[in-house]
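Q: Here's a structure for you.
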Amino acid sequence: MNCKIGKLTLARLLMAHDTLMSYAGTSHRNVSPHAEILQLYDDLKNMDPAHLHYYQDEYSIVLLKQIISNQELLLKHCREYRDPYFPRINNFCLRFNNLSLSRIGSMEQLLWVQVLDLSYNQLKTLEGLEVMQLLSCLNVSYNKLCSFTALEPLKLLRSLKVLDISYNEIGAHSIDTRRYLCSSPLNHRSGGDWKTEESEIHCAEVADYWEAYAIFKDLNLIQLDLKGNAVSNEKIKSLLIKLLPSLKWLDGESCR
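Numbering (the working numbering), first residue to last: 958 to 1213.
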């Protein structure tokens, strides 16, 4: 089949059928259509480069679903993890690094995961991670996150203690297309959350980095890595130290 519309339609139908079968509990790993769907999106990337980003996003979602739905494949991505800064956190790390992922998709089958490595991918957003309420350690270094607003799904992760967002593109782009998806003084979602008079943080500091304030103010991080981003400077580090009283390590150095 050399028809672009035909390949795209077939890929969508196969994915929809697989989803229905999984809901019905009748899917079987031996007849999984994921490999065929991945090949279709590979073909589409070559046939229609104008929509490359869309096909790569869909490819990423299918690839993750293929791994997650197959226990044997999933186990190959599990590693024992121990953070040298926090030896008490000893768990299995689920490693989805170096997969060229540009989107995550649904992670509802991974609610048990506490340590997740998504480094060395092409992620521009972390949408999908908000359901992982047990997640305590997340590595998304060496991706393509271009702003703090791309981290908004993390606001819901109350168990998150260790976060590595180093070597992304935060602050490197003058126009942030996700800017108004994040709570701020500029949109209706900010409500009364922008009162800083009760803390040692001055409004002038928040004005320069309100995206960072909106994302990090409700987190209880112990360790944060920000280095390698255009926004990384002493001013933002000072704000984060004030904003996160639980923070002990910033960019690999003690901050308390």
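Heads up, the beta-carbon is just placed ideally off N, CA and C, and yes, glycines get one too.
Note that the coordinates shown come from a computational prediction; the quantities given were computed from them, not determined experimentally.
List the DSSP bridge partners of residue 1211.
A: Position 254 of the sequence shown, counted from the first residue, corresponds to residue 1211. 1206, per the DSSP bridge assignment.
Q: Taking the CB atoms as reference points, tell me whether residue 1058 and residue 1073 lie closer together than 8 Å.
A: Start at 1 with the first residue of the sequence shown, and residue 1058 comes out as number 101. Start at 1 with the first residue of the sequence shown, and residue 1073 comes out as number 116. Contact: no.
Q: Thinking residue 1108 and residue 1172 are a contact (beta carbons under 8 Å), I'd like their distance in whole angstroms, please.
A: Locating residue 1108 in the sequence shown gives position 151, where the first residue counts as 1. Locating residue 1172 in the sequence shown gives position 215, where the first residue counts as 1. Rounded, the Cβ-Cβ distance is 5 Å, consistent with contact.
Q: Taking just the CA atoms, how far does residue 1205 sit from residue 1177?
A: As a position in the sequence shown, residue 1177 is number 220, starting the count at 1. As a position in the sequence shown, residue 1205 is number 248, starting the count at 1. Taking the straight line from one Cα to the other gives about 11 Å.
Q: Can you tell me which residues form a DSSP beta bridge with residue 1188?
A: Here residue 1188 corresponds to residue number 231 of the sequence shown, with the count starting at 1. According to DSSP, residue 1188 bridges with nothing at all.
Q: Quick one: what's got a C-beta closer than 7 Å to residue 1056's C-beta in the same chain, skipping five residues either side?
A: In the sequence shown, counting from the first residue as 1, residue 1056 sits at position 99. Result list for residue 1056: 1020 and 1078, in chain order.
Q: Can you look up residue 1078 in the DSSP assignment and give me helix, strand or coil?
A: Looking up residue 1078 in the sequence shown gives position 121. In the structure shown, residue 1078 sits in coil (DSSP, three-state: anything other than H, G, I, E or B).
Q: Mind checking residue 1060: buried by the 16 CB within 10 Å criterion, or exposed?
A: Stepping through the sequence shown from its first residue, residue 1060 is reached at position 103. Buried.
Q: In this structure, does DSSP put residue 1215 in helix, strand or coil?
A: With the chain covering only 958 through 1213, there is no way to say anything about residue 1215.
Q: Going by other Cβ atoms of all chains shown within 10 Å of its Cβ, with 16 needed for buried, is residue 1182 buried or exposed?
A: For the purposes of this step, residue 1182 is taken as residue 225 along the sequence shown, with counting starting at 1. So residue 1182 ends up on the buried side.
Q: Helix, strand or coil: how does DSSP classify residue 1180 here?
A: The sequence position of residue 1180 within the sequence shown is 223, counting from 1. Residue state, collapsed to three classes: strand.
Q: Could you say which of 977, 999, 978 and 989 lies nearest to residue 964 if we only look at CA atoms?
A: Mapped onto the sequence shown, residue 964 falls at position 7. The shortest Cα separation from residue 964 among 977, 999, 978 and 989 belongs to 999.
Q: According to the neighbour-count rule (16 or more other Cβ atoms, all chains shown, within 10 Å of its Cβ), is residue 1190 buried or exposed?
A: Reading the sequence shown from its first residue, position 233 is the one you call residue 1190. With fewer than 16 Cβ atoms within 10 Å of its Cβ, residue 1190 is classed as exposed.
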